[in-house]
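Asks: Heads up: the sequence lines are chains A and B, in that order. For the first sequence, position 331 matches number 620 in our numbering, and the numbering has no gaps at all. For the second sequence, position 99 matches number 388 in our numbering, and the numbering has no gaps at all. Quick one: this structure, given as structure tokens, is what I'll be asking you about.
There are 2 protein chains.
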Amino acid sequence: MVKRITVMPGDGIGPEVTEAAVEVLRAVARRYGHAFQFTYAAIGGDAIDQYGKPLPDETIAVCEASDAALLGAVGGPKWDQQPSHLRPERGLLDIRKKFDLFTNIRPVKAVPSLLGSSPLKEEVAREVDMVIVRELTSGLYFGEPKQRSPKSAVDTLVYTRAEIERIVDQAFQIARTRKGKVTSVDKANVLETSKLWREVVEERMTAYPDVEVEHMLVDTAAMKLITNPRSFDVIVTENMFGDILSDEASVITGSLGMLPSASTRTDGFGIYEPVHGSAPDIAGQNKANPTAAILSAAMMLKYSFGLHTEAAAVEEAVAGVLEDGYCTGDIAGEGKRVISTGAFAAQVIEELE
Amino acid sequence: MVKRITVMPGDGIGPEVTEAAVEVLRAVARRYGHAFQFTYAAIGGDAIDQYGKPLPDETIAVCEASDAALLGAVGGPKWDQQPSHLRPERGLLDIRKKFDLFTNIRPVKAVPSLLGSSPLKEEVAREVDMVIVRELTSGLYFGEPKQRSPKSAVDTLVYTRAEIERIVDQAFQIARTRKGKVTSVDKANVLETSKLWREVVEERMTAYPDVEVEHMLVDTAAMKLITNPRSFDVIVTENMFGDILSDEASVITGSLGMLPSASTRTDGFGIYEPVHGSAPDIAGQNKANPTAAILSAAMMLKYSFGLHTEAAAVEEAVAGVLEDGYCTGDIAGEGKRVISTGAFAAQVIEELE
Ligand SMILES: [Mg+2]
Ligand SMILES: [Mg+2]
Numbered sequence: 290m291v292k293r294i295t296v297m298p299g300d301g302i303g304p305e306v307t308e309a310a311v312e313v314l315r316a317v318a319r320r321y322g323h324a325f326q327f328t329y330a331a332i333g334g335d336a337i338d339q340y341g342k343p344l345p346d347e348t349i350a351v352c353e354a355s356d357a358a359l360l361g362a363v364g365g366p367k368w369d370q371q372p373s374h375l376r377p378e379r380g381l382l383d384i385r386k387k388f389d390l391f392t393n394i395r396p397v398k399a400v401p402s403l404l405g406s407s408p409l410k411e412e413v414a415r416e417v418d419m420v421i422v423r424e425l426t427s428g429l430y431f432g433e434p435k436q437r438s439p440k441s442a443v444d445t446l447v448y449t450r451a452e453i454e455r456i457v458d459q460a461f462q463i464a465r466t467r468k469g470k471v472t473s474v475d476k477a478n479v480l481e482t483s484k485l486w487r488e489v490v491e492e493r494m495t496a497y498p499d500v501e502v503e504h505m506l507v508d509t510a511a512m513k514l515i516t517n518p519r520s521f522d523v524i525v526t527e528n529m530f531g532d533i534l535s536d537e538a539s540v541i542t543g544s545l546g547m548l549p550s551a552s553t554r555t556d557g558f559g560i561y562e563p564v565h566g567s568a569p570d571i572a573g574q575n576k577a578n579p580t581a582a583i584l585s586a587a588m589m590l591k592y593s594f595g596l597h598t599e600a601a602a603v604e605e606a607v608a609g610v611l612e613d614g615y616c617t618g619d620i621a622g623e624g625k626r627v628i629s630t631g632a633f634a635a636q637v638i639e640e641l642e
Numbered sequence: 290m291v292k293r294i295t296v297m298p299g300d301g302i303g304p305e306v307t308e309a310a311v312e313v314l315r316a317v318a319r320r321y322g323h324a325f326q327f328t329y330a331a332i333g334g335d336a337i338d339q340y341g342k343p344l345p346d347e348t349i350a351v352c353e354a355s356d357a358a359l360l361g362a363v364g365g366p367k368w369d370q371q372p373s374h375l376r377p378e379r380g381l382l383d384i385r386k387k388f389d390l391f392t393n394i395r396p397v398k399a400v401p402s403l404l405g406s407s408p409l410k411e412e413v414a415r416e417v418d419m420v421i422v423r424e425l426t427s428g429l430y431f432g433e434p435k436q437r438s439p440k441s442a443v444d445t446l447v448y449t450r451a452e453i454e455r456i457v458d459q460a461f462q463i464a465r466t467r468k469g470k471v472t473s474v475d476k477a478n479v480l481e482t483s484k485l486w487r488e489v490v491e492e493r494m495t496a497y498p499d500v501e502v503e504h505m506l507v508d509t510a511a512m513k514l515i516t517n518p519r520s521f522d523v524i525v526t527e528n529m530f531g532d533i534l535s536d537e538a539s540v541i542t543g544s545l546g547m548l549p550s551a552s553t554r555t556d557g558f559g560i561y562e563p564v565h566g567s568a569p570d571i572a573g574q575n576k577a578n579p580t581a582a583i584l585s586a587a588m589m590l591k592y593s594f595g596l597h598t599e600a601a602a603v604e605e606a607v608a609g610v611l612e613d614g615y616c617t618g619d620i621a622g623e624g625k626r627v628i629s630t631g632a633f634a635a636q637v638i639e640e641l642e
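As structure tokens, this is what we get:
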């Protein structure tokens, strides 16, 4: 398989961790006989420095000519004083919008050796393995009217049936590659948009008779993520509920710094990036944890290229290296062998080969 | 002090647990020289059976003639087939609206002997002591337009400055009786209503220089409730965020069945009720846990009557009984002495006297 991959290293530790992920992708290509072509492009502060804006046309052109993109992280104190349309974070928002990336995919999977860092009891957090599928381009954050006077303010939550259908279909398709269960989260006892959401889920589920569906109110979901996180497989929900629940879910296993994410659309193109930030304080020291970037690359293999075997091999290799006790300094603990960013990637590649 | 208290036992275990709370209030009156006059009124399924609707005019009249109301719980399988305007839960929604109870107060306090039941590690959950102050009568659940067609749906999030001011003031006043810290939760990086909310908080805080204020985004708050719940004192937020966060917070200490709540307005009138439901399966067996109802009565003493010493005495008495190992069956465990609803109330009263 020949695939063109855009690499946007970004700022801070972005370049180091994406490089680790690129090395792992090269190893996958070697082992499984694929050809991955990498083209680098600037985004965020890096793009501001080079082109004067966080998302240059050159970067858009490179992405348009590629099958998927890997992104490191954006932002840092250097650009904190920029006006909001020239902030590094703007690059991320703009590129998702430009490419209509309406599906945000956030997996949360417990790493056995890290359960000690979870705020949850180990018996609650162990074996957690869920994916939150969040609608990313509509809902309360975008609806009009959206205005404010000194006396009052209004935001508008709008969803069209088509917008709900396409995200729900994505969730059903992801569930089919996993445990086959979808939890649709809404507030259908109060919100009209949620009633439409639930109606669409009921309708679309007939096309996926192999997938089990449950409806859950958002406040109940916020509780269950803590009391019984293992009960979830795929959660699908609208933009704002997904924002809150995916951040809540990100801390339950104690491996926040190691979580990957994806923003995709229907044709397979997607941007893959760590949930963590650019960590400018440790940038350039070859000690950042590349796990989230490597797992983001694994998501690319799975969701953009349909290479499920390869994706699983990368995930297993990472898990193997961690179980062998290798780790970067951020998750060091008793009995661990602390290694560099590059050495961690090398271990993963060795495990892969 | 002479106070008129409406008692609405409601359904299921409601009558038993409110009776326990009334007994405790009688003991408080004896010990501290107050006169509490109790008048009973019907709500929920109980009112449907007696009056044909969940909130009869007679109950409204009794509440109007009283200083505060204690409520048990509503609902049960008997009324599950009713149309939505005749459901027991409707009584709760209607009475809050009728009396313009815009402040929902939900304390979450760790009980040392129950930390074992918390999904969080004991070192994370111990000493948690927070109050969530939620705006209850405006926001996305009520704003217009609110409509749905087969092709799309809309809900509207509206807040006026006046609505925000009054709830924020309540939170500041509550913080003054506690650790003096307010965390205002919003999504001011995206929502216009949140920008207005933050503006009002910044403005009102000048009237409370003794209170420390922090702003937090709702997704960050959803994480921090799990990773560092002890860092919160008073959280104030709008209706929907409060709905999600208060339910999330309710499970972190493992004492969900024992949490009280209040719905109040500015003049002191309020309705006090357990967070738990009517538990029809164990109704009438004198084994329900009356802790939430008793702590709701303590909230009434504090928030409606300004009787802080008396409220603290009740809270300490409940804590004392629990620490002595007495409990109802729902929280039984090794080394506990399981007693009945009535016996638990009697122990609290003995501890009080
Ligand atoms: Mg977020
Ligand atoms: Mg709720």
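C-beta: ideal position from N, C-alpha, C; glycine also.
1) Ligand 2 and Asp444/A: does any heavy atom of the ligand fall closer than 6 angstroms to the residue's C-beta?
2) Count the other CB atoms, across all protein chains shown, that sit within 10 Å of the CB of Lys440/A; report buried if there are 16 or more and exposed otherwise.
3) In three-state terms, what does DSSP make of Ser438/B?
4) So that I know if they touch, is there some Cβ in chain B lying closer than 7 angstroms to that of Ala511/A?
5) Leaving out five residues before and five after His597/B in sequence, what residues of the same chain have Cβ atoms less than 7 angstroms from its Cβ?
6) Take Cys616/A and list the residues in its own chain whose beta-carbon comes closer than 7 angstroms to its own, dropping the five residues that flank it on each side.
7) Between Ala634/A and Pro579/A, is the Cβ-Cβ spacing less than 7 angstroms?
8) Below 7 angstroms CB to CB, which residues in the same chain sit around Val489/A once its five sequence neighbours on both sides are set aside?
9) So which residues on chain D does Glu492/B lean against when the C-beta distance must stay under 8 angstroms?
10) Let me have the residue list for ligand 2: C-beta closer than 6 angstroms to any non-hydrogen atom, ordered along the chain.
11) Along chain B, in chain order, which residues have C-beta atoms closer than 8 angstroms to that of Ile541/A?
12) Output yes or no for whether 7 angstroms exceeds the beta carbon distance between Asp300/B and Gly364/B.
13) When you compare only the Cα positions, how much space is there between Cys352/A and Leu446/A?
14) Counting only the same chain and skipping the five closest in sequence on each side, list residues whose C-beta sits under 6 angstroms from that of Cys507/A.
15) For the segment 426-438 of chain A, enumerate the residues whose C-beta is nearer than 7 angstroms to any C-beta of chain B, in chain order.
16) List the residues of chain B whose Cβ lies closer than 8 angstroms to the Cβ of Arg376/A, in chain order.
17) Given that a residue counts as buried once 16 or more other Cβ atoms are within 10 Å of its Cβ, and exposed if not, what is Gln636/B?
18) Using the Cα positions of Leu584/B and Ile337/B, report the straight-line distance between them to the nearest angstrom.
19) In whole angstroms, what is the alpha-carbon distance linking Val420/B and Asp346/A?
20) Nearest chain A C-beta to Lys410/B closer than 7 angstroms, yes or no?
21) Do you know how far the Cα of Ile463/A is from the Cα of Pro273/A?
22) Quick one: which chain B residues come within Cβ less than 8 angstroms of Ser441/A?
23) Using the beta-carbon of each residue, which ones in chain B are nearer than 7 angstroms to Ile533/A?
24) Considering only residues of the same chain and omitting the five flanking positions on each side of Asp383/A, which have a CB-CB separation below 8 angstroms?
25) Contact criterion: CB-CB distance below 7 angstroms. Does Leu596/A meet it with respect to chain B?
26) Going by beta-carbon coordinates alone, are Thr307/A and Gly361/A separated by less than 7 angstroms?
27) Is the Cβ-Cβ distance between Ala240/A and Phe325/A less than 7 angstroms?
28) At the level of alpha carbons, what is the spacing between Leu652/B and Ala601/B?
29) Would you say Asp475/A reaches chain B, if we count a Cβ-Cβ gap shorter than 7 angstroms as a contact?
30) Please report the distance separating the alpha-carbon of Asp536/A from that of Thr526/A.
31) At a CB-CB cut-off below 9 angstroms, which residues of chain A make contact with Thr295/B?
32) Do you know offhand how far Ala309/A's Cα is from Ser567/A's?
33) Which same chain residues, not among the five before or five after Asn575/A, have their C-beta less than 8 angstroms away from its C-beta?
Replies: Let me lay it out:
1) no
2) exposed
3) coil
4) yes
5) Thr466, Lys591
6) Lys625, Val627
7) yes
8) Arg450, Ile453, Glu454, Val457
9) The structure shown has no chain D; the protein chains it does contain are A and B.
10) Asp508/A, Asp532/B, Asp536/B
11) Ile515
12) yes
13) 31 angstroms
14) One detail in the question is off: residue 507/A reads as Val in this sequence, not Cys. Closer than 6 angstroms at Cβ, skipping near neighbours: Val474, Lys476, Phe530.
15) Leu429, Tyr430, Lys435, Gln436, Arg437
16) Here the premise fails: no neighbours, minimum Cβ distance about 11 angstroms.
17) buried
18) 27 angstroms
19) 49 angstroms
20) yes
21) Here chain A has residues from 290 to 642 only, and residue 273/A is not among them.
22) Val447, Tyr448, Thr449, Arg450, Leu485
23) Val507, Asp508, Ala511, Ile533
24) Pro343, Leu344
25) no
26) yes
27) This structure does not reach residue 240/A, given that chain A is present from 290 up to 642, and the question cannot be answered.
28) Only positions 290 to 642 of chain B appear in the structure, and residue 652/B is not among them; the question remains open.
29) no
30) 13 angstroms
31) Within chain A, no residue comes near Thr295/B; the closest Cβ sits about 27 angstroms away, beyond 9 angstroms.
32) 15 angstroms
33) Glu305, Ser629, Thr630, Gly631
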